[in-house]
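Chemist: Pasting a structure below so you can have a look.
In this note's numbering, the protein residues as written are 1 to 89.
Rendered as structure tokens:
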């Protein structure tokens, strides 16, 4: 039962990933593209967690934590650059 749920979740998260990538390419403004990039990080984390559940491996959960940290730092840096035009003060 869990295996079927994980496979269905793979399909749904992959569809969300594809739609978010489309928004990243076609976003009308820079803030929309930054938001789409942040959502891509979240979708990648969800895929890694699902893969870790499917394969019974804790390595994928650690990779998901690293992507979450890097995604947060990247989003903050892009937003700061968008607001001020400079990242380092």
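Quick reminder that beta carbons are idealized off the backbone N, C-alpha and C, glycines included.
For residue 17, tell me which candidate among 36, 63, 1 has the shortest Cα-Cα distance.
Modeler: For the residues 36, 63, 1, the minimum Cα distance to residue 17 belongs to 36.
Chemist: With contact counted as at least three CB pairs below 8 Å, one residue from each stretch, are the region 77–88 and the region 24–35 in contact?
Modeler: The region 77–88 vs the region 24–35: in contact.
Chemist: When the Cα atoms are used, what is the spatial distance from residue 53 to residue 43?
Modeler: Distance between the alpha carbons of residue 53 and residue 43 is about 15 Å.
Chemist: Would residue 40 pass as a contact of residue 61 if the rule is Cβ separation under 8 Å?
Modeler: Contact: no.
Chemist: Do residue 63 and residue 50 have their C-beta atoms closer together than 8 Å?
Modeler: For residue 63 and residue 50, no; Cβs fall outside 8 Å.
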